[in-house]
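In order, the protein sequences belong to chains A and B. Heads up, the first sequence is in our numbering, so the first residue is 21 and it goes up one at a time. Heads up, the second sequence is in our numbering, so the first residue is -17 and it goes up one at a time. Glycine included, C-beta positions come from ideal geometry on N, C-alpha and C. Here is the structure we will look at.
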Amino acid sequence: MSTSATQIDEVKTTPWAGGRSPFSVEYGKIMMWFFLLSDAFTFSSLLISYGALRFSSAAWPAPGIVFKAFPYVSENAPLVFVGLMTFILIMSSVTMVLAVEAGHRGAKKEVVRWMLLTIVGGLMFLGCQALEWTHLHSEGFWWGSVPKIDELKNFYDVTATPLVMTTYGHQFANLFFTITGFHGFHVFSGVVINIIITINVLAGTYEKRGSYLMVEKVGLYWHFVDLVWVFVFTFFYLV
Amino acid sequence: MSETAHTEHTEHAGEHEGMTKKRIWNVFWVLTAITSVEFIIALYLVPHEVFGMTYHAANPIYIVLTLAKAFFIVGYFMHLKFEKTGLIFAIVVPVLFIIGLILVLTNESHHWIDLRM
Chain A
21 MSTSATQIDE VKTTPWAGGR SPFSVEYGKI MMWFFLLSDA FTFSSLLISY
71 GALRFSSAAW PAPGIVFKAF PYVSENAPLV FVGLMTFILI MSSVTMVLAV
121 EAGHRGAKKE VVRWMLLTIV GGLMFLGCQA LEWTHLHSEG FWWGSVPKID
171 ELKNFYDVTA TPLVMTTYGH QFANLFFTIT GFHGFHVFSG VVINIIITIN
221 VLAGTYEKRG SYLMVEKVGL YWHFVDLVWV FVFTFFYLV
Chain B
-17 MSETAHTEHT EHAGEHEGMT KKRIWNVFWV LTAITSVEFI IALYLVPHEV
33 FGMTYHAANP IYIVLTLAKA FFIVGYFMHL KFEKTGLIFA IVVPVLFIIG
83 LILVLTNESH HWIDLRM
């Protein structure tokens, strides 16, 4: 009897040979990735319909005029407030990735500290968004409503007929509140999930488990929320 | 059981060599810098038409800069750059279809505007 195994008897060890994840990623994490991919489709469909409507419009409210107020500070500071919001969200993404990094070292106290800062960042962002919505609402924008035409025309930097201004003003208002609202809802869920995970960290759940992988998974979600904001920021405020 | 935990741990360690504190802060500075450039374009270059920068010329620049930011967030913060090639493709390839849809509809919306005029 020969002791050397023939080639066909050898157990295959390639990533796709079975018996383990070909992606070398834990199940929950890969499912988070696929959830985020589906969420990316949802946000894309919203942003693509926004783009198609806006680029086919005869006139669209000018971002530099609509978003020129910094609540309580200045009535004429175009884009500064949204700049602050963007900075807050990028900053909270950094604290989140620092929490993940601390988790790899098993440094529980550091994880808690960075998670708390991430939560604070998320709450600050939500606060800013509430102010932004309140401001636009006080000017007369809301789902299905725009300011009266003599006020509405001040939000355009081109001339157009009242009908065109009202029609596309409505499109703008609906899309703005729907898209930033849907994003804000994601931020809100993210904050809630981050709080739950922080409580688990404090309770020592992941210490016992020997891995802070859950922090990584919520981290993925949180970065995705930041990623969506990067696109919302570009297409609503810059373009 | 302990053997399984050990294997997971080793895989885990290898998987995360990518991100150190220093690297995290580097990515932060890159993101901040890109955002600052976008602000300079929107608040200074376009209003004053510096370098002949018009509204229409600025838009493609914003989009390129946004995609660059997306690359840094997904690649480094979400760690995708350091994952297995299979996972990278599983996530990135479907997104290419979104980009295709954007290109198609942007082109189409320019046609719609002609129909409406």
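Roughly how many angstroms separate the alpha carbons of residue i and residue j, rounded to a whole number?
i, j, result
"residue 123 of chain A", "residue 57 of chain A", "25 Å"
"residue 139 of chain A", "residue 23 of chain B", "31 Å"
"residue 73 of chain A", "residue 197 of chain A", "15 Å"
"residue 51 of chain A", "residue 248 of chain A", "19 Å"
"residue 234 of chain A", "residue 188 of chain A", "44 Å"
"residue 76 of chain B", "residue 120 of chain A", "27 Å"
"residue 76 of chain A", "residue 88 of chain B", "9 Å"
"residue 63 of chain B", "residue 9 of chain B", "13 Å"
"residue 256 of chain A", "residue 90 of chain B", "20 Å"
"residue 253 of chain A", "residue 70 of chain B", "26 Å"
"residue 5 of chain B", "residue 33 of chain B", "34 Å"
"residue 93 of chain A", "residue 217 of chain A", "36 Å"
"residue 42 of chain A", "residue 67 of chain B", "10 Å"
"residue 80 of chain B", "residue 158 of chain A", "35 Å"
"residue 258 of chain A", "residue 91 of chain A", "19 Å"
"residue 78 of chain A", "residue 71 of chain A", "13 Å"
"residue 215 of chain A", "residue 100 of chain A", "29 Å"
"residue -6 of chain B", "residue 110 of chain A", "Model confidence at residue -6 of chain B stands at a pLDDT of 46, short of 50, so the residue's coordinates are unreliable and nothing is read from them."
"residue 250 of chain A", "residue 60 of chain B", "15 Å"
"residue -11 of chain B", "residue 28 of chain A", "Reliability of the predicted coordinates at residue -11 of chain B is poor, the pLDDT of 42 falling under 50, and the value obtained from them is presented with this limitation in mind. Going from the Cα of residue -11 of chain B to the Cα of residue 28 of chain A covers about 27 Å."
"residue 131 of chain A", "residue 42 of chain B", "39 Å"
"residue -4 of chain B", "residue 36 of chain A", "Below a pLDDT of 50, predicted positions are generally treated as unreliable, and residue -4 of chain B, at 45, falls in that range; no measurement from the model is reported."
"residue 56 of chain B", "residue 104 of chain A", "22 Å"
"residue 146 of chain A", "residue 153 of chain A", "10 Å"
"residue 108 of chain A", "residue 222 of chain A", "25 Å"
Excluding the five sequence neighbours on either side, which residues of its own chain have a C-beta within less than 6 Å of the C-beta of residue i, listed in chain order?
i, result
"residue 190 of chain A", "166"
"residue 85 of chain A", "175"
"residue 35 of chain B", "27, 28"
"residue -14 of chain B", "Residue confidence for residue -14 of chain B is low, a pLDDT of 43 falling below 50, so the modelled location carries little weight and cannot support an answer."
Interface residues of chain B around residue i at Cβ under 7 Å?
i, result
"residue 247 of chain A", "52, 55, 56"
"residue 68 of chain A", "83, 84, 87"
"residue 98 of chain A", "25"
"residue 134 of chain A", "Neighbours of residue 134 of chain A on chain B: none; closest Cβ ~11 Å, over 7 Å."
"residue 240 of chain A", "60"
List the DSSP bridge partners of residue i.
i, result
"residue 94 of chain A", "A/90"
"residue 158 of chain A", "According to DSSP, which records beta bridges pairwise, residue 158 of chain A is partnered with nothing at all."
"residue 165 of chain A", "A/162"
Could you pull out every residue in the same chain whose Cβ sits closer than 8 Å to the Cβ of residue i, ignoring the five residues on either side in sequence?
i, result
"residue 66 of chain A", "195, 198, 199, 202"
"residue 170 of chain A", "none"
"residue 243 of chain A", "113, 116, 117"
"residue 47 of chain B", "16, 19, 20"
"residue 240 of chain A", "49, 52, 53, 56"
"residue 224 of chain A", "128"
Who are the neighbours of residue i on chain B, taking C-beta pairs under 8 Å?
i, result
"residue 256 of chain A", "Ordered by position in chain B, no residue passes the 8 Å Cβ test against residue 256 of chain A, which lies about 11 Å from the chain."
"residue 180 of chain A", "Chain B residues near residue 180 of chain A: none, gap ~12 Å exceeds 8 Å."
"residue 265 of chain A", "Any answer about residue 265 of chain A is impossible in this case: the structure gives chain A only from 21 up to 259."
At 7 Å on the CB atoms, spell out the chain C contacts of residue i, in chain order.
i, result
"residue 243 of chain A", "Looking at the structure shown, chain C is missing, and the protein chains on hand are A and B."
Assign residue i to buried or exposed, taking buried as 16 or more other Cβ atoms, counted over all protein chains shown, within 10 Å of its Cβ.
i, result
"residue 212 of chain A", "exposed"
"residue 18 of chain B", "exposed"
"residue 206 of chain A", "buried"
"residue 182 of chain A", "exposed"
"residue 33 of chain A", "exposed"
"residue 78 of chain B", "exposed"
"residue 85 of chain B", "exposed"
"residue 129 of chain A", "exposed"
"residue 246 of chain A", "buried"
"residue 209 of chain A", "exposed"
"residue 106 of chain A", "buried"
"residue 51 of chain B", "buried"
"residue 232 of chain A", "buried"
"residue 45 of chain A", "buried"
"residue 237 of chain A", "buried"
"residue 141 of chain A", "buried"
What does residue i reach in chain B if we use C-beta pairs closer than 9 Å?
i, result
"residue 104 of chain A", "Those within 9 Å of residue 104 of chain A in chain B number zero; the least Cβ separation is about 11 Å."
"residue 90 of chain A", "Chain B residues near residue 90 of chain A: none, gap ~13 Å exceeds 9 Å."
"residue 19 of chain A", "A query on residue 19 of chain A cannot be resolved here, the shown segment of chain A reaching from 21 to 259 and no further."
Which chain A residues are close to residue i, counting only those with a beta carbon under 9 Å from its beta carbon?
i, result
"residue 15 of chain B", "What residue 15 of chain B touches in chain A: nothing, since even the nearest Cβ is about 11 Å away."
"residue 26 of chain B", "Ordered by position in chain A, no residue passes the 9 Å Cβ test against residue 26 of chain B, which lies about 11 Å from the chain."
"residue 1 of chain B", "117, 120, 121, 124"
"residue 36 of chain B", "Those within 9 Å of residue 36 of chain B in chain A number zero; the least Cβ separation is about 13 Å."
Please list, in chain order, the chain A residues whose beta carbon lies closer than 7 Å to that of residue i.
i, result
"residue 41 of chain B", "259"
"residue 92 of chain B", "75"
"residue 31 of chain B", "Simply none; closest approach about 14 Å."
Applying a beta-carbon distance threshold of less than 8 Å, which residues of chain A neighbour residue i?
i, result
"residue 77 of chain B", "57, 60"
"residue 22 of chain B", "The contacting residues do not exist; residue 22 of chain B stays about 11 Å from chain A at best."
"residue 4 of chain B", "Simply none; closest approach about 11 Å."
"residue 66 of chain B", "35, 42, 43, 44, 45"
Would you check whether the ligand PLP has a heavy atom nearer than 6 Å to the C-beta of residue i?
i, result
"residue 124 of chain A", "This structure lacks the ligand PLP; in fact it carries no ligand of any kind."
Sorted by chain position, which residues of the same chain lie with C-beta nearer than 7 Å to residue i's C-beta, five sequence neighbours on each side aside?
i, result
"residue 54 of chain B", "9, 12, 13"
"residue 227 of chain A", "128"
"residue 82 of chain A", "175, 176, 177"
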